[in-house]
Every structure is written in C-alpha cells, then in structure tokens.
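Contents: one structure, followed by commentary.
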Amino acid sequence: MPANITPAALQYFTREEIMMGRKYWREKELLFVVSFVAQMSVLAVVAFGPGGEVLERGAFNVARGKKLLGVLLFFLFLWILLRLVNLPINLYNSYVLEHRWGFSTQTMAGWWVDYVKSAVLDLVLSVVGTVLFFIALKRWPLNWWLPAGFFMAGWLIIQTFLWPSFVAPLFNRFEPVQDPEVVAIVENLAQKANIPLQEVLVMDASSRTNKANAYFTGIGHTKRIVLYDNLLNNYPLPEVEAVVAHEIAHWKLGHIRTGVLLGIVATFVQFYLLALVLTAYFPRWQLRNYPPRAWALALLFILLTSFVANPIQNSISRYMERAADIESVALIGNADGAVALQLRLARSNRSDIVPPAFIEWFAYTHPSTLRRIELLQSSATLR
Numbered sequence: 409m410p411a412n413i414t415p416a417a418l419q420y421f422t423r424e425e426i427m428m429g430r431k432y433w434r435e436k437e438l439l440f441v442v443s444f445v446a447q448m449s450v451l452a453v454v455a456f457g458p459g460g461e462v463l464e465r466g467a468f469n470v471a472r473g474k475k476l477l478g479v480l481l482f483f484l485f486l487w488i489l490l491r492l493v494n495l496p497i498n499l500y501n502s503y504v505l506e507h508r509w510g511f512s513t514q515t516m517a518g519w520w521v522d523y524v525k526s527a528v529l530d531l532v533l534s535v536v537g538t539v540l541f542f543i544a545l546k547r548w549p550l551n552w553w554l555p556a557g558f559f560m561a562g563w564l565i566i567q568t569f570l571w572p573s574f575v576a577p578l579f580n581r582f583e584p585v586q587d588p589e590v591v592a593i594v595e596n597l598a599q600k601a602n603i604p605l606q607e608v609l610v611m612d613a614s615s616r617t618n619k620a621n622a623y624f625t626g627i628g629h630t631k632r633i634v635l636y637d638n639l640l641n642n643y644p645l646p647e648v649e650a651v652v653a654h655e656i657a658h659w660k661l662g663h664i665r666t667g668v669l670l671g672i673v674a675t676f677v678q679f680y681l682l683a684l685v686l687t688a689y690f691p692r693w694q695l696r697n698y699p700p701r702a703w704a705l706a707l708l709f710i711l712l713t714s715f716v717a718n719p720i721q722n723s724i725s726r727y728m729e730r731a732a733d734i735e736s737v738a739l740i741g742n743a744d745g746a747v748a749l750q751l752r753l754a755r756s757n758r759s760d761i762v763p764p765a766f767i768e769w770f771a772y773t774h775p776s777t778l779r780r781i782e783l784l785q786s787s788a789t790l791r
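Just so you know, we're using this note's numbering here: the sequence shown kicks off at 409 and counts up by one.
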C-alpha cells in the first residue's frame with residue numbers, strides 16, 4: 409500500500425512532485441519483480457524440469473564426449489537463455505522508461521554498445537567463475553565451499569582494487585576536476601578529515617543521463633571520489649561541498665573496507681549453505697563428476713538467498729549512509745548545503761519522497777529523503 413503523504417513531505421515538496429516520484433518508482437519496482445521472477449523461473453525449469461535435460465543433451469552432443477567442454481557449453485546455453493529473457497526488461501527499464509521520464513540522454517546505439525560491453529565482461533567473469541566452481545567440486549567434493557569462498561574473497565578484493573582503473577573507463581570518461589573552487593573545497597575537507605587525498609575525478613555522466621550523483625570507490629592507490637559532470641555543471645558550490653563531504657566521510661569511516669569484509673563473510677556463509685543444498689540434491693559421486701545442472705541449482709540458490717538477504721545488506725548500507733551524513737555535517741560545520749542538496753536531488757531524480765515502509769526496509773540502500781533531511785538538521789543542531 410502506498411504511504412500517506414505526510415505534512416512533513418508537503419513542507420518541502422508539492423503534491424504533484426510527490427505523486428510523480430511515486431509513479432516513477434512503482435514502475436521501476438514492478439520491473440525489478442518481473443526480472444526476478446523471470447530469472448527464477450528459467451533457473452527452476454533448468455534445475456528441476458525437462459529444460460535442464462534438453463540443455464545437457466545439446467551441450468554434450470556439441471562437446472562430443474568432452475566433459476569439461478560440455479559443462480562450459482551448458483553454462484553458455486544457460487547464460488544466453490537468461491540474457492534473452494532479461495533483455496526486453498533491461499531495455500525497457502534502462503532506456504525506454506528513462507527516456508519517457510526525461511532522464512536519459514543516450515542514443516539507442518549507445519545503449520547497445522554499453523549492453524554489449526557489459527555482456528562480454530559478464531560472460532568472461534562468469535566463465536572464470538564456472539571453471540573455478542567445478543574445479544572446486546572435482547577436487548574437494550566434501551568441502552568445496554571453502555576454497556570457492558577463498559576464490560570469491562580474492563575476487564572481491566581484486567575487483568575493488570581494479571574496477572576504478574580498468575573497468576569503469578570502459579563505460580565512461582574520467583578526468584581530474586579542474587575547477588579551482590571545487591579543488592579548494594576538496595583539499596580543505598580532506599585536510600579536516602585527516603585523510604591522504606588521492607584523486608577527485610569528474611565523469612561524463614551527461615552522455616547518458618540528466619541525473620546527478622557522486623560516489624567513492626577503490627582501495628589503496630585506486631581510491632577516488634567521482635563526481636558526475638551534471639553535478640558540477642548544475643549544482644551550486646555549497647551543494648557540491650555537501651556531496652564531497654559525504655564521500656570523504658565514507659573514506660574516513662572506512663566503509664569500503666568494511667563492505668568488502670562483510671561481503672567476504674557473507675560469501676562464505678552463502679557457499680556453505682549452497683554446499684548443504686547440493687549435497688542433499690546430488691549424490692556425492694555425481695558432484696565429483698560435474699553435473700551441469702548443479703550450476704543452474706547454484707545460480708537459483710544464490711538468486712534466492714541474495715533476495716532474502718537484501719534487507720540485511722541494505723540495512724547495513726543505510727547505517728553507513730547515516731554515519732556518513734553525520735560526519736559530513738561535522739566536516740562542514742552546518743547542514744544547509746546538505747539539506748538543499750537532498751531537496752534538489754529528490755526533485756531532479758524523481759525520488760519517492762514517502763516510500764512504503766516495507767519498500768524502504770527491503771530495497772533502499774540510502775535512507776529516504778525526509779529521513780536524511782531530519783538527520784542532517786538534528787546533527788547540525790547538536791553541534
């Protein structure tokens with residue numbers, strides 16, 4: 409049920425702004441549910457139904473008796489099937505809907521280029537993951553989840569380290585911030601936070617969207633703050649300062665490191681539970697002999713457990729965001745720019761101002777707009 413429009417919401421936003429944001433996000437949430445159900449259905453049919461037998465026969469006929477090749481072909485067929493099922497949903501969600509609401513600046517050709525790039529990257533990483541998964545099953549059929557967990561932990565660390573330098577530039581152009589006023593703001597905040605300044609980059613987000621955003625990423629010498637060019641071009645300096653302060657607060661509070669460590673722990677737990685499921689479903693000797701449908705069952709299990717764990721993950725994320733908001737107020741000394749920023753972002757990005765409590769609990773990585781404004785103002789008052 410939609411949440412009622414509260415007097416607090418009407419203090420900052422018109423009823424039309426609230427209803428437009430609600431309409432936009434209800435459609436986005438519906439598309440998420442459709443995508444989830446579609447993927448779950450495909451994986452369930454392959455794991456438990458006749459679809460799996462058909463894919464297995466096709467893969468091993470092409471492989472001509474080569475077991476590992478047959479397993480990889482089975483994975484490839486399944487990967488293509490999932491991509492095809494999700495393609496129209498993805499196209500509608502990230503292109504059609506975004507154009508309809510006036511957010512996207514991307515051409516159809518540009519969308520396809522990005523889609524192909526991300527698909528190739530996903531395929532390469534998924535093939536590596538599949539090979540490691542079945543190697544672990546083959547060599548350690550009883551305790552495969554332990555080495556698989558170490559494989560994934562290593563990947564999470566490598567991904568966090570390499571993604572900013574090697575993957576992100578495949579999709580966007582990054583340049584050092586040139587505006588001397590913005591540079592001065594960043595240097596001042598970094599000095600207050602007592603952190604070594606690495607890089608502050610501007611990203612050509614305007615080539616794809618009208619939305620404004622910023623993020624902090626990387627570890628070690630790849631740590632950087634990234635600002636959308638839309639933010640620098642369209643937002644006043646006090647609001648840019650609020651964004652930078654928030655991202656530096658994440659940096660100071662060690663949230664990237666904490667996120668990686670929590671991800672590693674969650675991976676081991678998830679793989680251990682998956683091992684229990686696979687052992688219950690497949691005879692031990694069959695696990696050692698690469699049953700291709702084990703991969704479909706594994707993907708289905710990961711999809712379902714990730715869905716169930718979503719509220720926990722997002723609760724941790726919201727906790728970190730609240731901590732970063734509080735720290736950002738301490739760095740700047742007031743909440744004026746941060747409050748103005750939240751209002752502007754909510755309007756320009758069509759935020760759901762009064763989301764249903766369940767949706768906020770289940771799906772929101774950040775506190776809702778009104779909660780953030782209340783926290784920012786109370787943090788400034790307590791100073």
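For each residue, glycine too, the CB sits at the ideal point set by N, CA and C. A quick note: this is a predicted structure, and the numbers were derived from the prediction, not measured.
Residue pairing by DSSP places R632 opposite E607, T625 in a beta bridge.
Under DSSP, F582 shares a beta bridge with M611.
Note that the C-beta distance between H774 and E729 is below 8 Å. Burial is judged here by how many other beta carbons sit within 10 angstroms of a residue's own beta carbon; K660 has at least 16 and is buried. Distance from the CA of A561 to the CA of Q567, rounded to the nearest whole angstrom, comes to 10 Å. DSSP places S725 in the helix class (H, G or I) of the three-state scheme. Taking all protein chains shown into account, L639 has 16 or more neighbouring C-beta atoms within 10 Å of its C-beta and is therefore buried. In the three-state scheme derived from DSSP, where H, G and I count as helix and E and B as strand, T773 is classed as coil. The residue from L533, I656, F542 with its alpha-carbon nearest to that of V594 is I656. Following the DSSP letters along the chain, one finds Y523 inside the alpha helix (DSSP H) bounded by residues 516-547.
By the criterion of a C-beta distance shorter than 6 Å, L578 is surrounded in its chain by K525, once the five residues flanking it on both sides are discounted. Ranked by how close their Cα comes to the Cα of P572, the residues W553, K619, I633, S614 have I633 in first place. Contact annotation, G429 with I761: C-beta distance approximately 6 Å; criterion of less than 8 Å satisfied.
Residue state for T414 is assigned as coil, using DSSP reduced to three classes.
Under the Cβ criterion (8 Å, minimum of three pairs), the region 540-557 does not count as touching the region 486-502. Within the DSSP secondary-structure output, S512 pairs in a beta bridge with T617. Fully enclosed alpha helix (DSSP H) runs of no fewer than 4 residues occupy 458-471 of the region 449-483, in order along the chain. Sequence-distant partners of E607 (beyond 5 residues in either direction) whose C-beta falls short of 8 Å from its own C-beta, in its chain, are P584, K631, R632, I633. In the structure shown, L661 adopts coil according to DSSP, grouped into three states.
Taking C-beta separations shorter than 7 Å and ignoring five residues to either side along the sequence, the partners of F485 in its chain run L463, G466, A467, following chain order.
Inter-residue distance for A455 and A702 is about 7 Å (C-alpha atoms, whole angstroms).
A direct Cα-to-Cα measurement between W433 and P763 gives close to 9 Å. DSSP, read as helix, strand or coil, puts N742 in coil.
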